[in-house]
Amino acid sequence: MTRVVLDCDPGHDDAVAILLALEHPSIDLAAITTCAGNQTLARTTANALRVLALAGRTDVPVSAGRAEPLVRPLVVAADIHGETGLDGAELPAPLAAADGRDGVAVLASAGPETTIVATGPLTNVAAALQQGARPRRIVWMGGAIALGNVTPAAEFNAYVDPEAAAAVLAAGVEVTMVPLDLTHQLCATPAVQARIAAIGTPVADAVLGLLRFFETAYRAVFGLPHPPVHDPATIAWLIAPHLFGGDDRFVTVETTGEHTRGMTVVDVYGRLGQPPNAHVLTRVDADGFWDLVLAALARHAGAA
Ligand code: RIB
Ligand code: CA
74 MTRVVLDCDP GHDDAVAILL ALEHPSIDLA AITTCAGNQT LARTTANALR
124 VLALAGRTDV PVSAGRAEPL VRPLVVAADI HGETGLDGAE LPAPLAAADG
174 RDGVAVLASA GPETTIVATG PLTNVAAALQ QGARPRRIVW MGGAIALGNV
224 TPAAEFNAYV DPEAAAAVLA AGVEVTMVPL DLTHQLCATP AVQARIAAIG
274 TPVADAVLGL LRFFETAYRA VFGLPHPPVH DPATIAWLIA PHLFGGDDRF
324 VTVETTGEHT RGMTVVDVYG RLGQPPNAHV LTRVDADGFW DLVLAALARH
374 AGAA
């Protein structure tokens, strides 16, 4: 069992990551903390609670973290995730409220028994490390080796809080980075959507509705035919690392560039002479990934 605290900004793909973590027997989802990113903190927190309600779960505490990035104003992604942050499906009302603890304090209590999975901006994680968090490792969906998405240079999670991303990568904690270069190999194609539709449960039907909205947004904004489902790759790597491949690289984050703020600079050729500080995933067995996700969705009986 891998004990996980998941810091997320639900968000369509965060929702799939939560459902995978809830349902796979090798993951002990000890807590969810929420960050501002895809939407405001209030909305991402409400969304995390609604995804738990969809799964019929009241045993995973949700704690809200910071409402703003470390030093910059918040930028949200309503163009991709909608005004609620989870547009596209009628999710049930929460079965519980957030537990009132500070999400940063929850993350700060992470010790060597805990893996922090981060699928949003790293604001909470950076603050938790400043407060003494010493997790076993951090698995982060964020950054890009090549093209960004929110700008040509920067991936969204790194762009929203580049100072936090830079701090986490410089903290000396083991980091596995799951960049866009990997997650764009994991698109919800028509074949994947048909397999989800065939499950026929409330959970699967809700996920299908979310992915169809996500697809419409990716077509409109990026001209991509099908949406890359980024965040569950973090959980899938913990479950089945054999499905993935990567390399140890030195990674830093641009925090001052006029056009490159939030760019994750991945030193593929070792030109900067710095020791590696992240394991950067670039290869994945996409079929194996989707088999894992679909099996988990099919196991969710979920709320009626
Ligand atoms: O750039 C993709 C990442 O930003 C994903 O985690 C998505 O949910 C958003 O947070
Ligand atoms: Ca996310």
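Take any residue in the sequence shown, note its place counting from 1, add 73, and you have its number in the numbering used here.
Just so it is clear, CB atoms sit at the ideal spot from N, CA and C, and this is done for glycine as well.
Exercise for review: With DSSP collapsed to three states, give me the class of Gly282.
Suggested key: In the structure shown, Gly282 sits in a helix (DSSP, three-state: H, G or I).
Exercise for review: Quick one: using the 10 Å Cβ neighbour count with 16 as the cut-off for buried, is Ser99 buried or exposed?
Suggested key: Counting Cβ neighbours within 10 Å, Ser99 comes out exposed, since fewer than 16 surround it.
Exercise for review: With a threshold of 16 other CB atoms inside 10 Å of the CB of Phe295, please say whether the residue is buried or exposed.
Suggested key: Burial call: exposed.
Review point. Opposite Cys260 in the DSSP bridges: which residues?
Key: Beta-bridge analysis with DSSP links Cys260 to Pro301.
Review point. Thr329 to Pro146, Cα distance in whole Å?
Key: Between the C-alpha atoms of Thr329 and Pro146 there is a straight-line separation of about 15 Å.
Check your understanding: For Gly319, which three-state DSSP category applies?
Key -> Reduced to three states, the DSSP call for Gly319 is strand.
Practice item. Would you mind giving the Cβ-Cβ distance between Gly161 and Leu283, rounded to the nearest angstrom? I have them listed as a contact below 8 Å. Key: Rounded, the Cβ-Cβ distance is 5 Å, consistent with contact.
Practice item. Determine, using beta carbons only, whether Thr107 and Asp80 come nearer to each other than 9 Å. Key: It is a contact, given that the beta carbons lie within the stated cut-off.
Review point. So, Ala126 versus Leu92, is the Cβ gap smaller than 9 Å?
Key: Not a contact, by the Cβ cut-off of 9 Å.
Point to revise | Own chain residues within Cβ distance below 7 Å of Thr325, not counting five before or after | key: In its chain, beyond the 5 residues on either side, Ala239, Leu242, Val338 have a beta carbon closer than 7 Å to the beta carbon of Thr325.
Review point. What is the DSSP secondary structure of Leu352, reduced to helix, strand or coil?
Key: Before going on, a small fix: residue 352 reads as His here, not Leu. His352 carries a strand assignment under DSSP once its states are collapsed to helix, strand and coil.
Review point. Gln358: which of Arg322, Leu365, Phe317 sits nearest, CA to CA?
Key: Per the sequence presented here, residue 358 reads as Asp, with Gln not at that position. For the residues Arg322, Leu365, Phe317, the minimum Cα distance to Asp358 belongs to Phe317.
Review point. What separation, rounded to the nearest whole angstrom, lies between the Cα atoms of Ala376 and Thr274?
Key: Here the model assigns Ala376 a pLDDT of 45, short of 50, so the residue's position is not dependable and the matter cannot be decided.
Check your understanding: With distances taken from CA atoms, which of Leu195, Val276, Ala171 is nearest Leu164?
Key -> Relative to the Cα of Leu164, the nearest Cα in the group Leu195, Val276, Ala171 belongs to Val276.
Point to revise | Beta-carbon proximity check, His303 vs Leu367, cutoff 9 Å | key: No, Cβ-Cβ distance for His303 and Leu367 is not below 9 Å.
Review point. Quick one: is the Cβ of Val223 within less than 8 Å of any heavy atom of ligand 1?
Key: For ligand 1, at least one heavy atom lies less than 8 Å from the Cβ of Val223.
Practice item. Quick one: residues in its chain with C-beta nearer than 8 Å to the C-beta of Glu186, no 5 flanking neighbours on either side, listed in chain order? Key: The answer, listed in chain order, is Arg76, Arg209.
Check your understanding: Among all the DSSP beta bridges, which residues are the ones paired with Met250?
Key -> The bridge partners DSSP lists for Met250 are Trp213, Val353.
**Study point:** Beta-carbon contacts of Phe323 that lie in its chain and below 7 Å, excluding the five residues immediately before and after
**Key:** Around Phe323: Asp340, Leu345, Gln347, Pro348, Pro349, Asn350.
Check your understanding: With respect to the alpha helix (DSSP H) encompassing Val198, which residues constitute its N-terminal and C-terminal limits?
Key -> Where Val198 is concerned, the enclosing alpha helix (DSSP H) stretches over 196-203.
Review point. With burial defined as no fewer than 16 other Cβ atoms inside 10 Å of the residue's Cβ, what is the status of Leu159: buried or exposed?
Key: Buried is the call here.
Exercise for review: Kindly indicate which three-state DSSP category Thr289 falls into: helix, strand or coil?
Suggested key: Note: Thr289 maps to helix in three-state DSSP.
Exercise for review: Assign Val366 to one of three DSSP states: helix, strand, or coil.
Suggested key: Three-state DSSP puts Val366 in a helix.
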